[in-house]
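Residue numbers (the numbering used here): 2 to 414.
Note that beta-carbon positions come from the ideal geometry of N, C-alpha and C, so glycine has one too.
Structure first, then comments.
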Ligand code: HEM
């Protein structure tokens, strides 16, 4: 429970509860159930976030914040916060991949890697990747909808994301939906190793072993492909940018983990939001709002709902003293949803910027790719100028990234 003194919310604007005031009624209910099904603690944490503006200390968990400015202060301050010590995702990876992670994920090597990989996902290369990896599969899906059939968009998202991984990493694959589903599931099981680590990031030996086996499965081919991979794959591009084999393998693992479940979650949830809020009709009348519809879907779904860091050195923020060794969780979902309900024409919110992608030196590397992917799903659903309908849905249970297990849509009726 929160420390009593921490519950005194700053006297500012009326406290907006994203769980009850934010989205349209039906959209809100579905998002709430989706978060609960994924991790029952999430809605509680999000609710506590209402009092974490700027900061709240929660026993056994550490500090939490749902204030966008405080969140960015934390994420932009590598002198006082790290993701490498216990409590951060880098600490998890170091146990699995080895100590070199400390340099590459947050040390001087990270800056160098980010500088050199800046050009990997631009708006242009990203729409190229989507076209190359997805065009035939999206055309098949469109044919199903055109014929009045039903499409499970959650399943399709997993297939497409698996196919994107194969394309980006130049992995050997039989090219079937089943093979792509398997790639997705492999990435998912790697990420699920982080499940249950909200309060503790020390992995037991059997989890380390399992994760290492998966990493070898996913990146084992890179050693052989590195010298000859074409420049339009990520492996070839990394090589051309001067990354070493080890850096390329590390980055590939990161892409798998950071860019699969998050993207698939956003794709089906964006469709559900468009339907549940009725905003699809406004978007059909104004197709020029596509870009803000995508940005809004990312904001309202915030598929990475929390970001963890450890405090490296004592500091003061928002009148509170944070001590070295403490932990802090940035509640991105709450911070982003406090800004209001899903509106396809909502303008860019300067205060939030793109907090759904994090901020600072670890700002999502794949943002342009995620946007291109979402845009192609909206094109699939609304490109013919007609609305769609959600026929049925099922929420994913006990998953790291809240997502639909199934979301069946149709154009019929
Ligand atoms: C809707 C989809 C996505 C969301 C919401 C998302 C969110 C995030 C967030 C919040 C972070 C920062 C984590 C932190 O600071 O600890 C991050 C980092 C990262 N993301 Fe994404 N991501 C998405 C898609 C992707 C895609 C498609 C890729 C690439 C294929 C990708 C690659 C990465 C990488 C490599 C990092 C680590 C960057 C670093 O540590 O320097 N992400 N992402």
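**OP:** Starting from residue 66, follow the beta strand (DSSP E) in both directions and report where the run begins and ends.
**Re:** 63 to 66
Original post:
Leaving out the 5 sequence neighbours to the left and right, which residues in its chain are closer than 7 angstroms to residue 267 when beta-carbon positions are compared?
Top reply: 298, 299, 302, 304, 371 and 375
Subject >> DSSP bridge partner residues for residue 307 (one or two, in chain order) >> reply: 332
Original post:
How about residue 74 and residue 369: are their beta carbons less than 8 angstroms apart?
Top reply: no
Original post:
Apart from the five residues just before and just after residue 412, which ones in its own chain have a Cβ nearer than 7 angstroms to its Cβ?
Top reply: 146, 149, 387 and 389
Subject >> Euclidean distance between Cα positions of residue 243 and residue 117 >> reply: Approximately 8 angstroms, taken between the alpha carbons.
Original post:
Which whole-angstrom value describes the C-beta separation of residue 215 and residue 223, a residue pair presumed to lie in contact below a C-beta threshold of 8 angstroms?
Top reply: Contact check for residue 215 and residue 223: beta-carbon distance about 14 angstroms, past the 8 angstroms limit, so the pair fails to qualify.
**OP:** Please indicate yes or no: does the CB of residue 308 lie closer than 7 angstroms to some heavy atom of the ligand HEM?
**Re:** yes
Original post:
Can residue 106 be considered in contact with the ligand HEM, in the sense that its beta carbon sits closer than 7 angstroms to one or more heavy atoms?
Top reply: yes
Original post:
Is it the case that the CB of residue 109 approaches a heavy atom of the ligand HEM more closely than 7 angstroms?
Top reply: no
**OP:** Could you tell me the distance, in whole angstroms, from the CA atom of residue 306 to the CA atom of residue 202?
**Re:** Distance between the alpha carbons of residue 306 and residue 202: 17 angstroms.
Original post:
For residue 318, does the three-state DSSP call read helix, strand or coil?
Top reply: strand
Original post:
When every heavy atom of the ligand HEM is checked, does at least one fall within less than 7 angstroms of the C-beta of residue 167?
Top reply: no
**OP:** In angstroms with no decimal places, state the Cα-to-Cα distance between residue 377 and residue 324.
**Re:** 45 angstroms
Original post:
the ligand HEM heavy atoms versus the CB of residue 115: any closer than 7 angstroms?
Top reply: yes
**OP:** Mind reading off the beta-carbon distance from residue 154 to residue 272? Whole number of angstroms is fine, and I expect it under 8 angstroms.
**Re:** Yes, residue 154 and residue 272 are in contact; Cβ-Cβ is about 5 angstroms, under 8 angstroms.
Subject >> Top-ranked residue by Cα proximity to residue 256, from 340, 185 and 356 >> reply: 185
Subject >> Residue(s) in a DSSP beta bridge with residue 407 >> reply: Residue 407 is bridged to 395.
**OP:** Using beta-carbon positions only, say whether residue 181 and residue 209 come within less than 8 angstroms of one another.
**Re:** no
**OP:** Reducing DSSP to helix, strand and coil, say where residue 216 ends up.
**Re:** helix
**OP:** Please list the segments of the alpha helix (DSSP H) lying wholly inside the segment 142 to 208, counting only runs of 4 or more residues, in order along the chain.
**Re:** 154 to 170 and 178 to 193
Original post:
Is residue 102 helix, strand or coil when you go by DSSP?
Top reply: helix
Original post:
Excluding five sequence neighbours on each side, which residues of the same chain lie with their C-beta closer than 6 angstroms to the C-beta of residue 409?
Top reply: 151, 153, 392 and 393
Subject >> residue 379 versus residue 315 - alpha carbon distance >> reply: The alpha-carbon atoms of residue 379 and residue 315 are separated by roughly 46 angstroms.
Original post:
If you draw a straight line from the alpha carbon of residue 404 to that of residue 397, how long is it in whole angstroms?
Top reply: 6 angstroms
Original post:
Can we say the segment 120 to 137 touches the segment 164 to 176, given the rule of at least three CB pairs closer than 8 angstroms?
Top reply: yes
**OP:** Quick one: residues in its chain with C-beta nearer than 6 angstroms to the C-beta of residue 399, no 5 flanking neighbours on either side, listed in chain order?
**Re:** none
Subject >> Local conformation of residue 291 per DSSP, three classes >> reply: helix
Subject >> C-beta atoms of residue 332 and residue 77 nearer than 8 angstroms >> reply: no
Subject >> Segment limits, alpha helix (DSSP H) that includes residue 400 >> reply: Taken as a continuous stretch (DSSP letters only), residue 400 belongs to no alpha helix (DSSP H), as it is neither H nor E.
Original post:
With C-beta atoms as the reference, is residue 327 less than 8 angstroms away from residue 63?
Top reply: yes
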